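Residue numbers (my numbering): 3 to 386.
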Ligand SMILES: Cc1ncc(COP(=O)(O)O)c(C=O)c1O
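See the structure below:
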């Protein structure tokens with residue numbers, strides 16, 4: 003491996019990822035690779051199911067441990083976390099707790115939201131909501147636009163932390179503070195940043211933070227977590243609800259609708275148990291390596307991608323400033339899906355999105371991985 007190294011034992015971590023024997027995964031903005039521990043976690047559930055027939059106490063405990071691991075990643079406690087099967091579902095539950103019948107009907111949404119989140123807010127127009135969009139220009143959002151968009155008619159501001167297209171990072175603390183000042187709530191989708199950028203929800207001050215697990219959290223589809231600021235939780239009554247949102251889910255009273263005093267009031271039905279096993283194992287990896295150390299290494303790899311892409315005549319999408327960028331780097335290509343396929347045939351797993359191909363390394367990737375991915379991308383792009 004050439005030159006620089008991260009501040010952890012990268013070789014030991016690489017040994018835990020079987021896919022590295024045949025591929026270079028650079029698609030972490032889409033799906034992280036399997037590790038021995040995430041696989042073992044799934045097998046632990048299968049074994050428990052197989053040998054005990056049913057062990058709900060242990061399975062529910064495991065869901066609680068997954069919530070706690072997510073909480074640890076963001077500087078919260080397990081009581082501040084609800085569990086869902088997707089970010090879309092979590093956003094829908096938040097939306098269902100909002101009231102658009104008064105003066106406040108405005109939802110400030112960024113054009114950089116992953117469409118599913120914006121679509122949840124758009125669906126609220128039937129309930130009286132009106133959307134105002136923070137525009138994307140040259141793959142970025144000017145932070146100052148929120149100062150004018152957020153006003154006394156705003157119910158909630160929805161701002162993705164990292165832009166799925168090119169990794170552009172918004173200043174979540176600034177947006178949350180502006181929302182709070184105007185009496186509005188803030189909702190941050192951190193799916194593209196959690197695990198690669200340290201996050202502390204208490205210091206940052208947002209009301210809601212949501213993320214799923216299959217990208218930089220090293221997990222699988224079918225599970226997502228929602229943080230709800232404990233100071234507001236008892237003011238919210240989501241109509242997307244179910245028995246796990248009750249003070250005592252096992253009261254079995256079909257004639258009452260009480261509310262858990264914690265963020266579990268946002269829980270709905272039986273949680274995704276096997277997914278929680280895997281999610282916890284994935285997040286344990288990230289917490290063990292440490293988001294600050296991961297960030298430091300990904301800044302090195304990100305700069306290498308930007309400079310190396312430029313040197314190979316590739317066209318960058320969005321900013322080249324690593325201070326407001328994740329490790330995901332996007333290049334504009336002629337046919338992103340054909341490029342993805344051609345790269346995969348040569349051992350590089352990249353991720354196509356519309357007009358761009360994304361190269362998204364993670365903590366286990368090396369400088370050699372980045373250089374090889376760039377060489378192959380330049381080769382297939384310049385050849386097509
Ligand atoms: C930032 C972001 N939010 C949300 C999603 C999708 O969320 P879900 O499919 O869990 O609803 C994605 C990508 O899949 C994403 O990149």
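Think of the CB as a built atom: it goes at the ideal place given N, C-alpha and C, for glycine as much as any other residue.
Fair warning: this is a prediction, and the values are worked out from it, not measured in the lab.
Cβ shell of residue i (< 6 Å), same chain only, five flanking positions each side left out
i, result
"residue 120", "111"
"residue 68", "278, 281, 282"
"residue 25", "349, 351"
"residue 232", "82"
"residue 326", "171"
"residue 10", "291, 295"
Residues of its chain near residue i, where Cβ-Cβ distance is below 8 Å and the 5 sequence neighbours each way are ignored
i, result
"residue 271", "244, 245, 246"
"residue 257", "none"
"residue 240", "95, 96, 98, 99, 247, 267, 268"
"residue 342", "352, 353, 354, 359"
"residue 320", "140, 141, 142, 165, 167, 168, 169, 170, 327, 332"
"residue 36", "19, 20, 21"
Boundaries (first-last residue) of the alpha helix (DSSP H) holding residue i
i, result
"residue 54", "38-54"
"residue 311", "293-313"
"residue 205", "203-206"
"residue 74", "58-76"
"residue 151", "147-151"
"residue 375", "369-385"
"residue 341", "338-347"
"residue 22", "Neither: residue 22 is in no alpha helix (DSSP H) and is coded neither H nor E."
Sequence-distant residues of its chain with Cβ nearer than 7 Å to residue i (five each side left out)
i, result
"residue 3", "Reliability of the predicted coordinates at residue 3 is poor, the pLDDT of 49 falling under 50, and no value is obtained from them."
"residue 223", "216"
"residue 94", "122, 242"
"residue 22", "16"
"residue 138", "113, 114"
"residue 152", "110, 159, 180, 181, 184, 186"
"residue 70", "80"
Rounded separation between residue i and residue j - CA only
i, j, result
"residue 379", "residue 187", "42 Å"
"residue 262", "residue 248", "5 Å"
"residue 20", "residue 27", "11 Å"
"residue 89", "residue 265", "16 Å"
"residue 44", "residue 364", "22 Å"
"residue 50", "residue 348", "39 Å"
"residue 366", "residue 12", "6 Å"
"residue 61", "residue 52", "13 Å"
"residue 338", "residue 104", "45 Å"
"residue 7", "residue 297", "13 Å"
"residue 219", "residue 316", "29 Å"
"residue 346", "residue 168", "20 Å"
"residue 57", "residue 74", "26 Å"
"residue 323", "residue 331", "11 Å"
"residue 158", "residue 132", "11 Å"
"residue 147", "residue 154", "15 Å"
"residue 227", "residue 214", "6 Å"
"residue 212", "residue 230", "9 Å"
"residue 334", "residue 162", "22 Å"
"residue 390", "residue 85", "Outside the displayed range of the chain (3 to 386) lies residue 390, so it cannot be described from this structure."
"residue 194", "residue 362", "10 Å"
"residue 54", "residue 276", "15 Å"
"residue 183", "residue 33", "37 Å"
"residue 293", "residue 31", "16 Å"
"residue 225", "residue 329", "23 Å"
"residue 373", "residue 80", "40 Å"
"residue 149", "residue 180", "7 Å"
"residue 299", "residue 5", "13 Å"
"residue 176", "residue 209", "13 Å"
"residue 14", "residue 254", "49 Å"
"residue 127", "residue 46", "44 Å"
Where the beta strand (DSSP E) through residue i begins and ends
i, result
"residue 360", "358-361"
"residue 331", "331-334"
"residue 219", "From DSSP, residue 219 is part of no beta strand (DSSP E); its letter is neither H nor E."
"residue 174", "It is not in any beta strand (DSSP E) - residue 174 instead sits in the alpha helix (DSSP H) that spans 174-183."
"residue 237", "It is not in any beta strand (DSSP E) - residue 237 carries neither H nor E in the DSSP assignment."
"residue 156", "156-162"
"residue 92", "Looking at the DSSP string, residue 92 is not in any beta strand (DSSP E); the run it does join, the alpha helix (DSSP H), is 89-98."
"residue 83", "83-86"
"residue 119", "Where residue 119 is concerned, there is no enclosing beta strand (DSSP E), although the alpha helix (DSSP H) it sits in stretches over 117-124."
Cβ of residue i within 7 Å of any chain C Cβ
i, result
"residue 382", "Reference to chain C is not applicable here, since this structure consists of a single protein chain."
Closer than 6 Å: residue i CB and nearest ligand 3 heavy atom
i, result
"residue 189", "Among the ligands in the structure shown, ligand 3 does not appear; only ligand 1 can be found there."
Item checked: Contact between the segment 166-179 and the segment 141-149 (3+ Cβ pairs under 8 Å) -> Touching, yes, given that three or more Cβ pairs across the two stretches are closer than 8 Å.
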